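In terms of my numbering, the sequence shown opens at residue 15 and continues consecutively.
Built from N, CA and C at the ideal position, the CB exists for glycine as well.
Quick caveat, the model's predicted, so the values are computed rather than measured.
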Amino acid sequence: MIFLCFKQVPEIEKSGYLIIHSKNMEMRKLILLFTATVFLNIMNVLSQDCNMPGNTCQEAQLVFNLVTDPDYSNIYKQCGDFCLDTATPDTTAPAGCDFRQAPTVWVKLKTDDIPPTALITSVVSHGLWQPLWSVYYSGSGSCNDLTPLINFDNTTSCFSGNTTTAIQSDINIYWIAITADPNGPPIDNPNFTLCAYTRITVLTCIGPDAGCEENDPSLVWQATWRENGGDLNGPFCPGEEVTFNVSFFYDAGESQVDWFHGIIPDFGTGWDLVNFDWEGNLPIANDTTATFHEEGTDCEAVVHRTFPHLCTYRDEFGILRMRHIECDDDFTDCEETGLLADQGVLPNGYFWLNNGGSPSCINGSCRPRDRWGIGSKTAQVTWIYTIRVREFEDPLECERNRDLQMSFLAFSDDGAGCWEDSAPCRLDKKQYSPPYEVSCAALPGILAEEPEICSGGQMNMVCQTEDGSDLDIEIWFEPNPNVEGMNNHYFSGGLGVVDDTLTIVNSNCIPEEVRYYAKVIDPEVICEGKVDTIIVTVWPKSVLTSFADTICYRSLPSTIEVKISCEDHENINCDWTHLTSGESGSGFFIPIDDSFNPGMHDFLISLNQEWGCIATDTLSLQIVAIDTTVNKSGNTLTCAQSGASYQWLNCYFGNAKIIGETEQSFTPIVTGSYSVEVSMDNCKDTSLCHIIVLTDIIENNFGSDLSVYPNPSQGKVKIVLPGFFDEIEVIAKNISGVTTSRKTYQHAELIDFEIEGPPDIYFIHIASPGRFAMVRILKL
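This is the structure we're talking about:
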């Protein structure tokens, strides 16, 4: 079955996509050839300004007159934009490279008479399709006896990347046939850029003398460890660390006395250079460790010679990168070609420095440009380093950055140091790792709603694979010290429910987030799938912090406060109901009056939070009533309230506590006025004062008919003697023995006497010759 789909891309003029599906490869190629031709004719209607070369060798136009610099200080590269708009297969083309079956165009170029020794060509498409081209020459100068140029490795005459070919010494006209690789993506945008230049022979100290098709035979570049395990040839996983071991032998034996100086590594766009530890991955040469030199610092590396075949640019992260236009397929990133002597700054790299004796050397300098190299024309170099693959936001970004191939360019100390050589190493070739790639075969993500629950609630979060597959799901969590109840989960079959019960364990009363992480597990896939983050919000659930309260009945009316764990009452409504009477209300203060009898009262409390959490609990209130009745039996006072704490007080001394009198009953030893303070269930109450009058006559030899009254008294008392006495002296002393009143009476039987002083206990002294009495009086 064949599907032909045409899609015009609006942002690219004269472009389109051609998608072809066929299970048979030969059928696919035939369909590609047919449909590409039809498609290009359709595109030609849309395009009127394409620079269309000739369709055959005979129609080829001369597009470049190439110039060669005999000193190799400049490369006079020429480029032109062309297209395949109206191209058709050229049935007259030499066999090979599918020129006879695929849309093909021809151009012609001319070299100068320096003569050059090498021709470098490159073709870069403006779309997804891959160019194929061949370079031909003719002994007769016509298209009748074309001979293809073979690359320096003598492996092919069909070129698909930047290619160096040898120039024929007596030929200066060359033809180039260009088509699209039928085994690659179909032609979308038919435009392409052709570039070409020539050069003389230049000394190469590492890599092939001509071309870049092969690494130096001494180079070993292999992965020795990968974080995820599996095939060390890759593909490698996003975010995975990989360790590589690189070794090579640098030999500048054909130079005069060039010493090995350093290397500038380069990395495919899939590697994480932003976080690469340059200092922690230093290479070693001849048992000497290199030093790292960072671009943009005082110790950066700068070229000594002009290198016309090198150019630099900055990548999307601002990191300086370098292209070798004879080795790299695409150097369109470079704004200018050629690193000028003493000006061209090199990217980050490693160098071995020794003091030198050349005029331009600065001994002790940290710049490689100011020093000689390692001290030998040959160097055995070993570099073991660990680097991480980038992580990508989406599969498209991964696809755009699958390239994990690495390379380095070596420099002698004539090229980047201060040595002056008459035959320097000026065209060292880039050395490449195997074409490692990123694995972009992404496993599906996880679909799950991010729940919001109340503290103490169960999640019941359904998790399933994004594509509905039955692959296993692994879920783990990030600890939150303020929340408990999280668990790890593993579900088979592509579906599961996380049923954790999450509880906030502090009293900050702020919502908490719990992060769960989920990924799909496929035992057959080494690379981990996308890790999805699921954020669960746990809302605080305010609760009562006081479940009981006490009010003294004598304090009514009063209120009790509903105390909760969250102080932000603005976001919480409180409703209460008295369970006995059914009385209800709202607010955090419950009014209590004397309609509530003494005893226990229970209130149902409902806390309604604006984020939807509801908490209910019971608040108990005890109303305590104390019986302060005091019963008098003889000289003993007894409090009617039992089961309490007691403290008896002396009313005449400002309710001073009577030391040691803490029982329910109290028997005074002196006349006075007494009360009791009763404490029970956090309530206190004090009784009324009660007067106790004890026996008043302390001493008396007047006889039994002596009397003094009233007692207690407001201060005035009557003294009744048992007859008339010629002289009577009456003195009043307070409890401290201080005389407050004194008076003498003549021939008296009934005496009116006034006690001066404040209320207190007084002792009345009554004296007559041969007679004495002392009477205790309580003055109120």
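Report all residues from its chain with a CB closer than 8 Å to the CB of residue i; omit the five preceding and five following residues, and keep chain order.
i    : result
N611 : I637
M788 : I711, I712, E713, N714, F777, I778, H779, I780
T302 : W366, I388
L160 : C71, P108, Y150, Y151, S152, W189
Checking the sheet assignment: what are the DSSP bridge partners for residue i?
i    : result
R328 : L334
I749 : According to DSSP, I749 bridges with nothing at all.
I467 : V552
S600 : D589
C93  : C209
N259 : Q236, I398
H307 : G363
Give the single residue among the options whose Cα lies nearest to the Cα of residue i.
i    : options                : result
T700 : A430, N664, I489, G267 : N664
L334 : I278, E407, T105, S687 : I278
G94  : C627, C111, P67        : P67
A430 : V557, L163, V359       : V359
F739 : I733, K730, Q760       : Q760
D127 : G198, I214, N203       : I214
A224 : Q72, N176, S87         : N176
D1   : D104, I134, A562, G751 : Nothing about residue 1 can be reported from this structure: the residues present for the chain run from 15 to 794 only.
P84  : D563, E293, T212       : T212
D291 : Q357, I398, P231       : I398
S174 : S156, N197, N158, K732 : N197
K747 : I733, P772, N474       : P772
S139 : T632, Q92, L208, I185  : L208
T100 : C172, V119, H704       : V119
Within its chain, find whatever has a CB closer than 6 Å to the CB of residue i; leave out the 5 residues flanking it on each side and keep chain order.
i    : result
N242 : C251, E254, I540
W490 : N502, Y531
L354 : T320
C348 : C325, Y327, R337
F603 : T573, E575
E492 : R529
G717 : P736
F422 : I277, P279, Q445
I765 : I733, Y759
State yes or no: is the beta carbon of residue i nearer than 8 Å to at least one beta carbon in chain C?
i    : result
C111 : The structure shown contains no chain C; it holds only a single protein chain.
Look up residue i in the DSSP assignment and say whether it is helix, strand or coil.
i    : result
Y666 : helix
H761 : strand
F48  : Low confidence applies here, because F48 scores a pLDDT of 45, under 50, leaving its location unreliable and the question unanswered by this model.
A462 : coil
A430 : helix
P783 : coil
Y567 : helix
N585 : helix
N622 : strand
L410 : helix
N368 : strand
C157 : helix
D223 : coil
R529 : strand
P382 : helix
F113 : coil
L651 : strand
K444 : coil
E241 : coil
D740 : strand
H323 : coil
M66  : coil
W273 : coil
S174 : coil
W120 : strand
N58  : No answer about N58 holds up, because its pLDDT of 45 lies below 50 and its placement is not dependable.
R416 : coil
V452 : strand
List the whole-angstrom C-beta distance separating residue i from residue j, where the pair is believed to meet the contact cut-off of C-beta under 8 Å.
i    : j    : result
W625 : W553 : 5 Å
P726 : L794 : 5 Å
P249 : V545 : Incorrect: roughly 19 Å between the Cβ atoms, too far for contact.
Y264 : T392 : 6 Å
W235 : P448 : 7 Å
Q383 : A315 : Going by the sequence as given, residue 383 is Arg instead of Gln. Rounded, the Cβ-Cβ distance is 7 Å, consistent with contact.
Identify, in the order they occur along the chain, each residue of the same chain with its Cβ nearer than 7 Å to the Cβ of residue i, setting aside the five sequence neighbours on each side.
i    : result
V81  : Y90, D126
S232 : F262, F263
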